[in-house]
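Novice: Residue numbers for the sequence shown follow our numbering, beginning at 27 and rising by one.
Using N, Cα and C, we set each Cβ at its ideal position, and we do this for glycine too.
Please find one structure pasted underneath; my questions will follow.
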Amino acid sequence: MAEDLKALADRAVADIAAAADDAALEAARVRYLGRKDGVLSEATKRVAQLPAADKPAYGAAVNEAKRRIEGALEERRAALRASAIERELGQEREDLTLPPRRVRVGRLHPISQTTRDISRIFASLGFETVEGPEIEWDYYNFEALNIPTGHPAREKWQTLWISNPLGDDPSRPLLGRTHTSPMQIRVMEQRKPPIRVVIPGRCYRYEATDAIRESIFFQYEGLAIDEKLTMSDLKGVLYAFARQIFGGERKIRFRVDYFPFTEPSAEIAFDCFACEGRDPQCRVCGGEGWIEAAGCGMVHPDVLRRVGYDPARYQGFAFGGGIERIAMLRSGAPDIRLFYQNDLRFLEQF
Ligand code: PHE
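Right, dumping it as structure tokens:
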């Protein structure tokens, strides 16, 4: 009897191995293991009629046959699945006639482009580009620049104060830098003259936004320290810069201004590159003929002294202006807020 079962299992395993597809495999499964009239179920039923002594051996033989048949089914199922995948992969073909997907090439943000232009132009004049922290100590943003607490000039730079995550120290207030001028101090502390650096960077002011003001914006700062530097060096550098950034034979106008950290101080304006002063309706200069662009001056002797430079030996000049303003002037963009709205219709024009 047990011999019969072994022969039965042999036959079943061979049948299963020969099943050509899922349907044939399923038919073989039903034939051998089917609950109702599967061959093995029939054999199982026969246990009841056997003498008690023969039952254990026969039962074991049934189980063994069942195990082998199930194993064969599983194996064949896996083999059929694998060859189906093979077949599918073999049939797939790339469709070389499909039109390619359009690739959208990104570009630099207009403010990044302008910043790079500024750095490149000043590099050609011997200025190295450096960067500094946007979160700044009151000391660098104000104190070291001759603007102590209570100085009325502080009102010119509406400040966003920041609480120190490491614990506030009332003697060391933190702020979002309101201009890039604190980097004048940091650079002078770290280096020895001669110095020629330009510092582009983000600044923060606590003020309402409008067409020409943003509370987060970019400035560029210039600083040169050397022996025998004069105001005419400052003028020459800014003159060369104006001609390169706006093109053509630019004129520059210096008018007396006041900054606590420069003496003398001046406001710089470029003659209008769009109308050259000839259009009273000009959309760039508003008919003024001049575009106010930056503040500048000779570094104040007290500032030099504070970083340990001897003002009798060293002089310097500094200047600082808005980067968005330059980008707006060059592109004709009417509103500073356009730069920060992430609208591709605007950004793709640059
Ligand atoms: N930091 C000044 C401002 O933000 C500009 C400036 C820079 C003036 C350097 C003089 C020298 O208004």
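In chain order, what residues of the same chain lie with their CB nearer than 8 Å to the CB of Cys229, ignoring the 5 residues before and after it?
Specialist: These residues qualify, in order along the chain: Glu160, Gly202, Arg203, Thr204, His205, Thr206, Ile242, Phe243, Phe244, Gln245.
Novice: Can you tell me whether Val333 is helix, strand or coil according to DSSP?
Specialist: Of the three classes helix, strand and coil, the one that applies to Val333 here is coil, per DSSP.
Novice: Please list the terminal residues of the continuous beta strand (DSSP E) segment that includes Tyr58.
Specialist: First-last for Tyr58: 48-59, but that is the alpha helix (DSSP H), not the beta strand (DSSP E).
Novice: Please work out which residues of its chain come closer than 6 Å, Cβ to Cβ, to Val156, disregarding the five sequence neighbours upstream and downstream, and give them in chain order.
Specialist: Counting only Cβ-Cβ distances below 6 Å, and skipping sequence neighbours, we find Val223, Ile225.
Novice: Which first and last residues belong to the alpha helix (DSSP H) in which Phe372 is found?
Specialist: Start and end: 370-373.
Novice: Is the beta carbon of Val39 sitting closer than 9 Å to the one on Arg94?
Specialist: Yes, these two residues count as a Cβ contact at 9 Å.
Novice: In angstroms, rounded to a whole number, what distance separates the CA positions of Glu68 and Ala53?
Specialist: So the two alpha carbons sit approximately 17 Å from each other.
Novice: Where Ile137 and Phe365 are concerned, what is the direct C-alpha to C-alpha distance, given to the nearest angstrom?
Specialist: Cα to Cα, Ile137 sits roughly 8 Å from Phe365.
Novice: Can you tell me whether DSSP reads Ala292 as helix, strand or coil?
Specialist: Correct three-state label for Ala292: strand.
Novice: Should the segment 115-124 be called in touch with the segment 190-199, which here means at least 3 C-beta pairs below 8 Å?
Specialist: Touching, no, given that fewer than three Cβ pairs across the two stretches are closer than 8 Å.
Novice: What are the start and end residues of the alpha helix (DSSP H) that includes Ile173?
Specialist: Here Ile173 belongs to no alpha helix (DSSP H), and DSSP marks it neither H nor E.
Novice: So, are the CB atoms of Ile238 and Arg309 less than 9 Å apart?
Specialist: Contact: no.
Novice: Mapping the DSSP letters down to three states, classify Leu200 as helix, strand or coil.
Specialist: Here Leu200 sits in strand by DSSP.
Novice: Rounded to a whole number of angstroms, what is the C-alpha to C-alpha distance between Gly248 and Gly334?
Specialist: The straight-line gap from Cα to Cα measures roughly 20 Å.
Novice: Following a CB-centred definition, is Ala344 positioned closer than 8 Å to any heavy atom of the ligand PHE?
Specialist: Yes, the beta carbon of Ala344 sits closer than 8 Å to at least one heavy atom of the ligand PHE.
Novice: Tell me whether Pro286 sits in a helix, a strand or coil according to DSSP, three-state version.
Specialist: Residue state, collapsed to three classes: coil.
Novice: Compare the Cα-Cα distances from Glu302 to each of Ile294, Glu215, Gly313, Val282 and report the closest residue.
Specialist: For Glu302, the nearest C-alpha among the options comes from Gly313.
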